[in-house]
Structures are given as structure tokens and as C-alpha cells.
Amino acid sequence: MLMFAGIICIAIGLINVINPNFAWYLKESWKVDGDSEPSDTYIALTKIGGVIAIVFGVIFFFTGIFS
Numbered sequence: 001m002l003m004f005a006g007i008i009c010i011a012i013g014l015i016n017v018i019n020p021n022f023a024w025y026l027k028e029s030w031k032v033d034g035d036s037e038p039s040d041t042y043i044a045l046t047k048i049g050g051v052i053a054i055v056f057g058v059i060f061f062f063t064g065i066f067s
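If you use UniProt numbering, the sequence shown closes out at 67, no skipped numbers anywhere.
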């Protein structure tokens, strides 16, 4: 089960690192009328969160393999 959770965390982390705008469009774009873009701070924090998710995913994955 931990291996599966690790794979999910890694996938979410990769999406956040590669395309941080994706999360903004899912969560916030419907609230704004017209053209709007996420701020640079939002993009940076999303990328940092993605790296953290990847680290936790790797830990979960290897914990699941060795348990």
C-alpha cells in the first residue's frame, strides 16, 4: 500500500514541478472572469510543494518495498 501511495505522491509532485499552472487552473481559474494568470509566488510555492511531494513519495515507495 505504501508503494502505491508513493507512486501517487511522485506523480502529483511531478505534475506540480513540470506544470505548476495546472493546479491553479483546476483550483482558481473558475473563480475569475476573463484572462488571469497565477502569480510568480504561487508558481514558486507550487514547485516547492511538488519537490516535497516527490521526496515523500520516494520515501513511501522505498518503505513499501523494504517492509
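Beta carbons are placed, not taken as given, at the ideal position from N, Cα and C, and that holds for glycine.
If you're wondering where the values come from, they're calculated on a predicted model, not measured in any experiment.
Determine the direct distance from the alpha carbon of I18 to that of A44, and round the result to whole angstroms.
So the two alpha carbons sit approximately 12 Å from each other.
Can you give the Cα-Cα distance for F62 and A11, rounded to whole angstroms?
So the two alpha carbons sit approximately 15 Å from each other.
What would DSSP say about D35, mapped onto helix, strand or coil?
D35 falls in the coil class under three-state DSSP.
With respect to the alpha helix (DSSP H) encompassing residue 70, which residues constitute its N-terminal and C-terminal limits?
Nothing can be reported for residue 70: it is not among the residues displayed for the chain, which extend from 1 to 67.
First and last residue of the alpha helix (DSSP H) that includes M3?
Where M3 is concerned, the enclosing alpha helix (DSSP H) stretches over 2 to 18.
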